[in-house]
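Since the structure comes first, as structure tokens, the remarks are kept for the end.
2 protein chains.
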Amino acid sequence: MAIELQILGSNSAAFAHNRHHTSQLLRVQDKYFLIDCGEGTQLLIKKYKIKLSRINEILISHLHGDHYYGLMGLISTLHLYGRQSDLHIYGPPGLSEIITLQLKYSQTRLSYDIKFHEWVPEIAQVIYEDTKLTITTIPLNHRIPCSGFLFREKPKKRGINKSKITQKLTPVQASKLRNGEDLYSETGEILYINQEVTFKPKEPYSYAYCSDTKLIPELANTLKDVDLVYHESTFMDDMEDRAASTFHTTARQAAQLAKDANVGRLLLGHFSTRYKDLNPLLNEARSVFPEAYLAEEGKKFVINH
Amino acid sequence: MAIELQILGSNSAAFAHNRHHTSQLLRVQDKYFLIDCGEGTQLLIKKYKIKLSRINEILISHLHGDHYYGLMGLISTLHLYGRQSDLHIYGPPGLSEIITLQLKYSQTRLSYDIKFHEWVPEIAQVIYEDTKLTITTIPLNHRIPCSGFLFREKPKKRGINKSKITQKLTPVQASKLRNGEDLYSETGEILYINQEVTFKPKEPYSYAYCSDTKLIPELANTLKDVDLVYHESTFMDDMEDRAASTFHTTARQAAQLAKDANVGRLLLGHFSTRYKDLNPLLNEARSVFPEAYLAEEGKKFVINH
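If you're matching them up, the sequences are chains C and B in order. Take the first sequence: its letter number 243 is residue 243 in our numbering, and every next letter is one higher. Take the second sequence: its letter number 189 is residue 189 in our numbering, and every next letter is one higher.
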């Protein structure tokens, strides 16, 4: 199962250099997860021809405006389009109060229900689970409660090598083989040794979104071997002090973390408006960790082993 | 004193056809008034190279998102730019609560003070006054409390015709002439008859912003002889029933109101997304009131007698 990440915006603080505030869309088969939602996100969704109706889950990392001021507009537009199905919003404490207050004053009774899932700051918590995927919060260290999100596919089932199977399998037997079990006859004789008749499954993929945070070296444990990691890198290394005092990270720090965690690829983002040209930032990261990339608007990153 | 209105956005409800939500900038000499502030307004302010720091007064007509979802982003950007001077926000009850709640959760202590001026719905109330200008609310008829704004220049002073003055005037005497008074000597003899030594002042200008509303025919009294009137015209006349049921106005209705009020020019706006081409709407209005124009993004309208 391939997943695809599309960057909608990745600038920090103020708009600049035609760069928008943070938002990303993660596509996992037919599921669309919107991660953060800065002002104007719905315009970018339109620009990149993303079907709004496919978004059922929205995750908000924290309540600084550059990460969520586009959310009310998106909620309103979904209502205008007559959406019926539930919208799940995962965010920090306070988000539901903010949304509910604005709906109260606009006297809007939405055409659909919002299901709020407010996560608990400072603990890693499973906030979403379906048959194929879990999402766990990643506690970060920012000026206000802030969380990243770790998307992890569940271990995949083994494939059956039909050329090695001489009899018709019942659904129960097939399921056992896919789960890695050997098959026995009713009288207890072995029919198939699992490893002889099945293929090794593909490795489950993983994506980590690390929103605004001061460097947390211990995050290397959480991010260990993750395929694709987005990590904020607001500043370059010559501004390490400023990064620390504003609870942000430098490109070099993010790259060192990616290296320590042995991740597949690193995406840099949340760029300070001081950098018009982002290549120096990219070069700084690549000098430590070559598989670093810029999370630039519109770009897509696919994980497909 | 010329005034200039610039349209930043004028689409209703959802974004469409590259048209943004409602916002306008009114320039009165060195004073900038921002009227409504839909999502993305700060991007349009940047696009049209308007100096953010010049905006000291923001007026919000009502709490439907397409008229104010860009306000928090603007407030945050002003803070990031280190603004020091007070920002005055005029809006309906509830607006200060919405802003304050979001600032609380972002733990933001703004670099400047916001002075909230919440107007009272359903009454015409003077909400702003300086030496040259008053702004009065215009109660409208929408689904939630909604107000327009009438900008009216104060009557101008008369100019002194220096060629008719043979003596040096004291400041008090000059002021009396400018205010339309005759001048007498200390012994009570007439020195100058005002009309003989002064020029008639220019007519004061006026601008009315009529945000979302069902047609209010009696508004013709309020709008009598106003130089420039923006009035919503969400629909065309074949949708008069829908306009009424959604508390909106048709282009023909707006034009008839403009005609009844003998206004100078009428600006149509708050276009429904159903109209990609706006010319039929314009033509409908002009068939009733020829001095009708489309409030399209970027356009400027100047009042200068």
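Glycine included, every Cβ here is placed at the ideal spot set by N, Cα and C. On a predicted model such as this, the values are computed, not experimentally measured, just so you know.
Burial state of residue i (16 or more Cβ within 10 Å)
i	result
G269 (chain B)	buried
S163 (chain C)	exposed
H17 (chain B)	exposed
T213 (chain C)	buried
T166 (chain B)	exposed
Q107 (chain C)	exposed
S76 (chain C)	buried
Y184 (chain B)	exposed
I127 (chain B)	buried
E189 (chain C)	exposed
E203 (chain C)	exposed
Q195 (chain B)	exposed
R109 (chain C)	exposed
V226 (chain C)	buried
E218 (chain C)	exposed
E39 (chain B)	buried
A2 (chain C)	exposed
T187 (chain B)	exposed
I135 (chain B)	buried
Y81 (chain B)	exposed
Test item: CB-CB of residue i and residue j under 8 Å
i	j	result
L278 (chain C)	F289 (chain C)	no
L26 (chain C)	I58 (chain C)	no
I45 (chain C)	G91 (chain C)	no
G148 (chain C)	S211 (chain C)	yes
E297 (chain C)	S10 (chain C)	yes
I303 (chain B)	L223 (chain B)	no
S12 (chain B)	T198 (chain B)	no
C37 (chain C)	L71 (chain C)	yes
F15 (chain C)	L74 (chain B)	no
P121 (chain C)	P145 (chain C)	yes
T258 (chain B)	T249 (chain B)	The residue you asked about is not Thr; residue 258 (chain B) is Ala in the sequence shown. No, the pair does not count as a contact, with Cβ atoms beyond the cut-off.
Y275 (chain C)	L266 (chain C)	no
F247 (chain C)	R143 (chain C)	yes
F89 (chain B)	F116 (chain B)	It should be pointed out that residue 89 (chain B) corresponds to Ile in this sequence rather than to Phe. Yes. Within cutoff.
H67 (chain C)	T137 (chain C)	no
S85 (chain C)	N56 (chain C)	yes
Inter-residue CB distance, residue i and residue j (contact presumed, cutoff 8 Å)
i	j	result
I35 (chain B)	Y209 (chain B)	5 Å
R152 (chain B)	R178 (chain B)	R152 (chain B) to R178 (chain B), Cβ: 20 Å. No contact.
Q6 (chain C)	Q29 (chain C)	Between Q29 (chain C) and Q6 (chain C) the Cβ distance is about 15 Å, and since that is not below 8 Å, they are no contact.
M236 (chain B)	E284 (chain B)	6 Å
S233 (chain B)	L150 (chain B)	So it is not a contact: roughly 19 Å between Cβ atoms.
L140 (chain C)	I216 (chain C)	7 Å
R54 (chain C)	Y69 (chain C)	The pair is not a contact, with the Cβ atoms about 22 Å apart (cut-off 8 Å).
L294 (chain C)	L101 (chain B)	So it is not a contact: roughly 35 Å between Cβ atoms.
A220 (chain C)	A261 (chain C)	4 Å
G94 (chain C)	Y105 (chain B)	4 Å
E4 (chain B)	K299 (chain B)	About 11 Å separates the two Cβ atoms, so there is no contact after all.
Y112 (chain C)	L78 (chain C)	7 Å
Proximity test, Cβ basis, 8 Å: residue i and chain B
i	result
E39 (chain C)	yes
A247 (chain C)	The identity of residue 247 (chain C) in the sequence shown is Phe, whereas the question assumes Ala. It does not; no Cβ of chain B falls within 8 Å.
R242 (chain C)	no
R143 (chain C)	yes
L43 (chain C)	yes
K49 (chain C)	no
K46 (chain C)	yes
Short CB-CB distance (under 8 Å) between residue i and chain C
i	result
F33 (chain B)	no
F15 (chain B)	yes
Heavy atom of the ligand MN within 7 Å of residue i beta-carbon
i	result
P145 (chain B)	For the ligand MN, the structure offers nothing, since it holds no ligand at all.
Check distances from the C-beta atoms of the stretch 91-122 of chain C to those of chain B and list, in chain order, the residues that come in under 9 Å.
P92, P93, G94, L95, E97, I98, L101, Q102, K104, Y105, S106, Q107, T108
Between the stretch 64-77 of chain B and chain C, which residues of the former have a C-beta closer than 8 Å to a C-beta of the latter?
H64, G65, D66, Y69, G70, M72, G73, S76, T77
Quick one, which residues of the stretch 80-91 of chain C are near chain B if we go by CB-CB under 9 Å, in chain order?
L80, Y81
Members of the stretch 203-236 of chain B that neighbour chain C once the beta carbon cut-off is set at 9 Å:
none
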